[in-house]
Structures are given as structure tokens and as C-alpha cells.
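J.: Going down the list, the protein sequences come from chains A and E. For what it's worth, our numbering labels the leading residue of the first sequence as 1, then goes sequentially. For what it's worth, our numbering labels the leading residue of the second sequence as 1001, then goes sequentially. If you scroll down you'll find the structure; I have some questions about it.
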Amino acid sequence: MSAPMTTRLDIQARVQQAAESLRVARVSRLLLSALACFVSVWAAATAIDTFVELSASVRQCVLPGAAVAASLMLWVGRAQFHAVTVERAALWIEERTPSLRYALVTAVDPRYAGRVPELDAHVNTHRYDDAVRSVLRGVLRGVLWGVVRQPVFVICGAVVALLLLPRGSVARVARPSPGDTLRREVPAVSRDPLATLVVVVEPPAYAGMPRTTSEDPSSVRALVGSRVTIRGRRGSDAVYATFDTTRVAAQDGDGRWQLTMTMPGASSVLTLASGAHRRLLSLEPVADSAPVVVLIAPARDSILRRPNGSLVLNAELSDDHGLASGAFEYIMSSGSGESFTFKSGTVGATEFPGEPKGHGTLSARLSIDALEMRPGDLVHVRAVARDRNSVSGPTLGVSETRTIRIARADEYDSVAVDAAPPPEPEKNALSQRMLLLMSQALEKKRRALAKGAFVAESRAIALDQTRLRKRVGEIVFQRLGESGGEEGDALDRRLDRPTNPDSVLAAADRATVANSGTALEGNADETPVVAVNRPLLEAYNFMWSASTELELGEPGRAIPWMQKALDRLQAARSAERIYLRGKVRAVVVDIAKVRLSGKDKGIASVRASRPAADPGRALRLTRFDAMVELAARLPSAAADSLVLLRLEVLAPDRDAAQKLEAAAAAVRRGGDVTAAFVAARRALAGDVERRAGISLWGAP
Amino acid sequence: MSADFTFCTVQYDSGDWDSAPLVPANLIDSVARYTSIRVAPTGVSVPLGSRDIFRYPLAYLTGHLPVRFTDLERRTLREYCDRGGLLFVDDHNHDVDGVFHKTCTDEIARAVGPMKELSNAHPLFNSFFTFEDGPPATSHELNGWGDNLIHKHLQAVLHGDRIAVLYSNKDYSSEWGYHPDNKRFMSVDNTKFGVNVVVYALTR
């Protein structure tokens, strides 16, 4: 039986099949190579993370980066997806079957179809169909495996590596998330269960804030009432935490210790302890702010002529974590004198349900008619808002209060100024010189006056002399730090027996400027207190003697005392003249300004007082320097000290607090901490303040 | 900018040479205001016994208290005047006894030579502004010479026609002793004569 005849069409179909097979092989190799690239990158990153902890940001980039690399490989090899032509497939077959002698290429070429009978005969003679079929069976099979073998091996190797690497590390790279440092399985080099911490903060539900996770923080900053969970890498190992007077013991969870607490209302230091290990965390509570309420309308206090109509009320509300409700409150007071009545209420109450809203508005109208106000009545209006704080209760925010008054009929067109009388002048004290002149005149009239009238006039002068003496006594004892004022009788009792001025002055001197002053006037060994007050005390005593004589009806004997008193009063006036002369500041003339050839910057020469220097800054710097030295010997202790210092400066200097936190974290991480320490010290020392100078054109 | 003129206040060991600290700034302001002279914005204080004084053609000396020059100060002052400097002395003293006047004129006579009355027609009074009546009077002028008289002339030591020492009892130190920014409150600038002194010292 003769073999069936092979036609050209059969051969073409067979070569076409070979071309398809070749295309499948090329595409398969490309896809497998891309997959191998992806898996290799994943496995390599996991292996690196096992030995060197990769940061979360790096890990987040691993799988996307692997996908990008695989995609790039597909893009570069995209030509492999195109179909293989019949001619190329025939050539590829003839390369591997030299016995065909290139007749196959010619046989599948459509340009020679039916034109070359010898070729057809040759094809039949050499049974090309068999040759092609054998190639497809043998050669293609080997070729397919050859092209896909390499990527398949790479994929298998990477998968095996992933299976052998710690599952925690594989997951950390596959699904990076904050706080997954605990998944990383490291050799038990450190026995410190506090070496690695993950802190999870869950804010209160009312805040609507997401849960946050941080790894190895030095401080925990969270809303008051937040649930704070601290987890460690190892088992509990009797870990406990203390803050204020509270002690919380850790519990086991998934083979790791964890403790949960509520963020307190005040800053404090949380001390974690386990055996001999200690670690500090600063707890920095964030208080829920009260709603901010701004009363838009009425914009200012006002007076209404008539008690009718209505007030338009508008307010804007805002809160950091969501508003709960708002309203306008009013208080109306009416009446006069001691009879007042009050009426209060709310209008425009508004609720803010649903999702937390940080901003809102209130609008309402307050009917003056409904309040039944009368002339002279007042109504006080304010807006209030409450937030959603469910931990410590809703916080109340209030706006400014506006006062609306109904005018009285009698105050129209008047200026509301309360007239104040001028101060009462000193009318009841005659001068010592006048008393002296009166006494001298009385003494001259001694013979002309009857005894009784003479004595009566003398006693009248004595009364004035006594009044003046009390005035002088008040001045002296006010200066010496004792209460004078209206205690004239007490002064009299104190000086009923004229004392030695020196003893009084010595006491005052000891109580004030003893051993510190020098004489301004008078004797060189007198202090200012003595120099200024001695003449007045002496005048006081001379006046006493004068008034005693005048009381006895002897103005002639009183006159010498009065002259001495006047003389001492003059001395006291001289003693108080103190001239001080300061050093004049050097003046620099602005020549350009004088010649009007400069430019005026238009800046007013406003001088603002500089803030007082922080007395604690130098002390904090000294402590920081000690911590720098400590960091070389005891890093853990230095980190704890930095945390404590951070807590101290948190209120006055938040920037320095952040730098200190970074320094503490750097110390805990180990390695070079120079940059963090330099930044922290600069922040503690404070920046050099650049101040705009006084305008060159301003007044000095 | 280098300055053509720097106001120089003379320091001397006795007395209070710095009794009028605002006068230099005020005259600097006037020189800048009325002339195109390149003037330094601040003055300098130079000891009379220092040779630095030779760098300044005009030197201003004032005070309240008795003046006694040291030998070095006398020698320096004599050389300063011989070399063309002009010492402008103003009596800042108000006391009746004229203590500054008596002691200072005595010292100037010992160091430079006797002073004599300066004519009101002297070129000094026309060197920039014209003062036909001689030196302008001041509100502080009383009896600084101790003779209870208000003098219509200044005194000077002349080297030829040039003034070597110009001596004033007008108490310009008080008259001109205010901050130059306050000049805007005055209807007439009372420091113009100071400009004449400066221009004279720089041009003669």
C-alpha cells in the first residue's frame, strides 16, 4: 500500500501549527519571567527585612515595585505576543532539519504555488509532512521546555525561600501596616521585653478620629479618654506600667505582653518596668476644646428707642471634634432701684446630628414684643454651643454677650456723662507762716484786748496749729511706712509725749535703708530717710510746743517755737530737692534724612517690649548637656531623661519638645545621634531673634 | 563715603568736658542741612593731649567747672593752633563768679596767647550765613564773664587774620544742647552760627 500523497496545503497547515506553537512558547516564557521577577523581589525584600529591619515606607514600596518591574519586563518583551509568520516557522524547522534542503520554505511560499511541478514532486518524494510532524513532535517539545525552564526554576526558588523565611517577615512585606514591627521575628539577642513597643491609640468614639499606631514612640499624644494599648515583642515577663498613682499590669496576648489604659487628663510620665528594665513614655493628653462661638448679629450693644420689633440673631459655631447643639440664651432684666425682675430663655435651639460637624451656624429672631420690655429694660443675648464630648461631658462654648437696652423718654438727646464734683481743696489747714503772722499780730494786740478775748483768740490759733501739726505728722508717718491717714488721734497718742526725733528716725532708718544709703542733704552721715524726715519731725515737735503755749494764752512764748517750726519746714523742702543726671545717649545724625535725599520706608517707629528672658532656659541647657554625656555611657537612661525634659518643655516650647522626642528616639535606635542632638540643643537654646530695627526715619 | 568734616569735642583732664553731649549732633545736623559738606554722622571725642586732634581742623571745648590744662595739653593746644586748627571754646557756666571763664581764659592765654575782642565785622560772621550784628544772642546768656554784663562780642586769639581760638560766653552749649530732631519745633534755627564756625574752620 503506497503512502498517501502529501499536498502543499497539508504542509502549510502543519507549518502554521508550528508557528502557533512557537508563539505560545515565547509568550509563556515572557509571562513566567515576569512572575519570576515579582516573586524574586518579594523574597529578596523579605530576606533583607529578616536581618535588617526595613522601615514601613520601604516595605510599602516592595510589592508595588515588584509589580512595576514585572510590568516593565512585559512591556519590553511585548513583541513576543505577535504571531510567528509561516515563512519564519518554516525557516526555524529547516534549521533543525537540514535534510529538507530549504525546500520547505519554498513549498510554503504562496508565490510558487502550482508553478513548480518539480517542487511538488520533491515534496512528495521526501515526505515533508512526516518531517514537519516529527519536528513538531520532538523539536518543539524540547524547545518549549527549554525556553520556560529558567523562569520556572527562579519562581520555584523564590517560593521556597518565602516558605522558609519567617512568616512574620513575609507578612510584613506583603501587608505592611503601622505597628507590625512585632511580627518581625528576630533572634533573641536582647532579653529586654521593653526594647520594642507598639502603641495603639483609639480616640473616643465621639471624636470620629481613626485609630493610630506608632512604633517605639517616646511620647504618646492622644485625646483625653483615648484607649491606649501598648504592646511588646515578647511575653509578659511581669511587665507593668505606673503613672501618677495608677499601676497597670500587662497581660499576655498572642505570645506578647500588652497593657491597656485610658489617656489621663494631665501630662504625666508612664514608667514601664519589667524586672531590672525600665522605660519611660510621656503621656501628653490633648484636651477637647470648647466650641468657639462668634456672635455675628447683633454686632454690638445698642439702645432701642421703642420696645417692639425683633432682634436678628446670627452666630457661627466651630469645634475641633464636632458640634452637638447650639442655641441663643437671653436674660431680660426690668425694673429700677431695688426692684428688679429677670426673665430668661433660649431661642433658635439647633441640634447637629449625624456625622460630626466641625462648623455650624445658628440663626433666630428674638421678639422684643414677646418679651414685653419697657423703657429702661435690658436684654442680654449670647450664643452657646455644646460639643459631643462623651468622656468628660459636653463642653460649653459661649459667645460674647450683647446688651440691648430700651431707652427712657427722659434720656433722649442727652449725653450720658456722670458729672463728678471737683476734689475738695485743703481748706482747713493754714500755713505755718500764716499762723506765725497771726500770733505776732495777736501779741501786738495783747494790751488792747481783754484777757478772755485774748486767750480765746490764742486758743483759736492753737487749734489751727494743732491741725497743721497733725497734717505734718501724717506726712511723716506715711513716709516711714506707718499708716497716717485719718488716725490723727492715734498719732497724737503716739506723740503725746514729744519724743526724740532721733529715736523715731533711727527706727525708721533701720526698717528701710539701714546701712545702704548715703546722705543727700544735711549731715554727711545721714541716710536719705533721716535727711528728708528729720526736719519734719523737728517741725512737728516745735509745733507741739507752740500749740501748748497758744493753748495757755501765751502767743509771745509760742512765736519762737513757730519760727523754728517754719525754719524746719523750709529745711525739709530743701532736703527733698534731688537732682539726678543720666548719661545722654550718643546721637547719630541721619545725613540722608536731613538732606532729604533718602527714601522713607513708611514704617512707624513702634517699639515693642521684648519678652522677658526665660530663666529656665540655661538650666535646661545644662541638663541637656549632661544627657549628651550620659548617652555615651547609658543610652537608655539618657533617652528616659530626654523624655522627662521633653515633658517639661512641652508647654513653653513645643518645637524643642519635638526635637527632644526625636533625640530620644534616635538614642533608642542607636547609631549616630549627632544630628538629633544638635537639632534638640539648638531648639532648646532658642533661635537668634531677628528684629526689624527702628525706622531710620522715625523719631528716636 | 569719606567725610570732609568730623565734629571733634575736646577732652581735657580737669572739669567736665562732656557737659553738652547733644551739641555735636545738632551742629552735624545743621552742617548737613545747610551745606554740601560731606559730614560724618557722629562726632568724635579726642583728648587734648593726643596728637589725634591734628586730624580735625575744628575742635570744640566746653564745660562748667574750673579748667586747668596739663603741660602736655598746653603744648598740644599751642601746636594745634600753630598748625592751623581752630579751637572753639564756649562757656557753659551760668554762675555769677564766672569760674569757667576765669580759669579757661587764663589757660588759653598761657597756652596760645592773650585773647582780644573779636570784631563783629570779622569774616567769621559772613562765612556762610550773615550775622550783621555779630554773634547771635542766646536765651542762656547771663554773666558768664563774672562782670554782670552781656557782651556784644566774642573773644579770640588771632594768628594774623586767622582765628586760632574762638571764645564765646554766649553759652551756645546750652542753646544748642537739644536733639536735632527737635529742630523742627523751632521757628528759627538757632544753630546757624555754628555752621559759620564750621565753614570758617574748613576754609581759612
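We put the beta carbon where it would ideally sit given N, CA and C, even for glycine.
Going by beta carbon distance, what residues of the same chain come within less than 8 angstroms of A:VAL239, once the five residues before and after it are set aside?
T.: Around A:VAL239: PRO193, LEU194, GLY232, ALA249, ALA250, TRP257, LEU259, LEU272, ALA273, SER274.
J.: Are A:PHE328 and A:ALA383 closer than 8 angstroms when you measure CB to CB?
T.: yes
J.: Locate the beta strand (DSSP E) running through A:SER218, then write down its first and last residues.
T.: Looking at the DSSP string, A:SER218 is not in any beta strand (DSSP E), and its letter there is neither H nor E.
J.: At the level of alpha carbons, what is the spacing between A:THR403 and A:SER302?
T.: Whole-angstrom Cα-Cα distance: 7 angstroms.
J.: Please list, in chain order, all residues of the same chain as A:ILE783 whose beta carbon is under 8 angstroms from its beta carbon, the five residues on each side excluded.
T.: Residue 783 of chain A lies beyond the residue range present for chain A, which begins at 1 and ends at 700; the question has no answer from this structure.
J.: Which residues mark the beginning and the end of the alpha helix (DSSP H) in which E:PHE1193 is found?
T.: Taken as a continuous stretch (DSSP letters only), the alpha helix (DSSP H) holding E:PHE1193 covers 1192-1203.
J.: E:PHE1131 to E:PHE1125, Cα distance in whole Å?
T.: 5 angstroms
J.: Looking at the unbroken alpha helix (DSSP H) that takes in A:THR97, where does it start and where does it end?
T.: No alpha helix (DSSP H) contains A:THR97, which DSSP labels as neither H nor E.
J.: For A:ALA639, which residues from the same chain have a beta carbon less than 6 angstroms from its beta carbon, with the 5 sequence-adjacent residues on both sides left out?
T.: ALA664, VAL667, ARG668
J.: For A:THR518, count the other beta carbons within 10 Å of its own beta carbon; 16 or more makes it buried, fewer makes it exposed. Which is it?
T.: Caution applies to A:THR518, whose pLDDT of 41 falls short of 50 and renders its modelled position unreliable; the model cannot decide the point.
J.: Need the endpoints of the alpha helix (DSSP H) that A:LEU701 sits in, please.
T.: No statement about residue 701 of chain A is possible, as the shown extent of chain A runs from 1 to 700 and does not include it.
J.: Which residues in chain E have a C-beta closer than 7 angstroms to the C-beta of A:VAL588? List them in chain order.
T.: PRO1041, THR1042
J.: Mind listing, in chain order, the continuous beta strand (DSSP E) runs of no fewer than 3 residues lying wholly within the stretch 359-414 of chain A?
T.: Annotation: the stretch 359-414 of chain A contains the following complete segments of the beta strand (DSSP E) (minimum length 3 residues), in chain order: 359-367, 378-387, 396-398, 402-406.
J.: Would the stretch 1078-1086 of chain E and the stretch 1158-1169 of chain E be scored as touching if the rule is three or more Cβ pairs under 8 angstroms?
T.: yes
J.: For the alpha helix (DSSP H) holding A:PRO714, just list the boundary residues, first then last.
T.: Because residue 714 of chain A is not part of the residues shown, which for chain A are 1 to 700, the question remains open.
J.: What does DSSP give as the partner residue(s) for A:GLU20 in the beta ladder?
T.: None; A:GLU20 has no bridge partner.
J.: The beta strand (DSSP E) that contains A:GLY671, what's its start and end?
T.: Note, A:GLY671: premise wrong, no beta strand (DSSP E); not H, not E.
J.: May I ask which residues mark the beginning and end of the alpha helix (DSSP H) holding A:LYS343?
T.: No alpha helix (DSSP H) holds A:LYS343; the beta strand (DSSP E) holding it covers 339-351.
J.: If contact is defined by three or more beta carbon pairs under 8 angstroms, each pair taking one atom from either stretch, is the stretch 168-175 of chain A in contact with the stretch 45-57 of chain A?
T.: yes
J.: Quick check: the Cα distance between E:GLY1194 and E:ILE1163, rounded to an integer number of angstroms?
T.: 15 angstroms
J.: Name, please, each residue of chain A whose Cβ falls closer than 8 angstroms to the Cβ of E:ASP1029.
T.: Correct list: VAL589, VAL594.
J.: Between which residues of its own chain and A:GLY142 is the CB-CB distance below 7 angstroms, once the five residues before and five after are set aside?
T.: none
J.: Quick check on the burial criterion: 16 or more other C-beta atoms within 10 angstroms. Buried or exposed for E:ASN1196?
T.: Result: buried.
J.: With a cut-off of 8 angstroms, does the C-beta of E:HIS1179 fall near any C-beta of chain A?
T.: yes
J.: Output, in chain order, the set of chain A residues within a Cβ distance shorter than 7 angstroms of E:ALA1025.
T.: VAL587, VAL589
J.: Between E:LEU1058 and chain A, is any beta-carbon pair separated by less than 8 angstroms?
T.: no
J.: Is it the case that the Cβ atoms of A:LEU660 and A:VAL678 are separated by a distance below 8 angstroms?
T.: Not closer than 8 angstroms, so no.
J.: Determine the closest residue to A:LEU22 out of A:GLU94, A:LYS444, A:LEU144, with distance taken between C-alpha atoms.
T.: Considering only alpha carbons, the answer is A:LEU144.
J.: What does E:ARG1033 touch in chain A if you count any residue whose Cβ is under 8 angstroms from its own?
T.: VAL594, ARG595
J.: Starting from A:SER336, trace the beta strand (DSSP E) both ways and give me its first and last residue.
T.: 323-336
J.: CB-CB under 7 angstroms to A:VAL294, same chain, minus the five flanking residues each way: which ones, in chain order?
T.: Here the set comprises ALA315, GLU316, SER399.
J.: Under 7 angstroms Cβ to Cβ from A:ASN389, same chain only, skipping five residues before and after it: list those, please.
T.: TYR206, ASP288, THR395
J.: Of the residues E:LYS1152, E:SER1036, E:PRO1041, which one's Cα is nearest the Cα of E:PHE1007?
T.: Answer by Cα proximity: E:PRO1041.
J.: Leaving aside the five residues before and after E:ARG1184 along the sequence, list all residues of the same chain whose C-beta is less than 7 angstroms from its C-beta, in chain order.
T.: none
J.: Mapping the DSSP letters down to three states, classify A:TRP209 as helix, strand or coil.
T.: Note on identity: in this sequence residue 209 of chain A is Met, with Trp being the wrong assignment. Under the three-state reduction of DSSP output, A:MET209 falls in the coil class, being neither helix nor strand.
J.: Evaluate E:GLN1155 with the Cβ neighbour count: other Cβ atoms within 10 Å of its Cβ, from every protein chain shown; 16 or more gives buried, anything less gives exposed.
T.: buried
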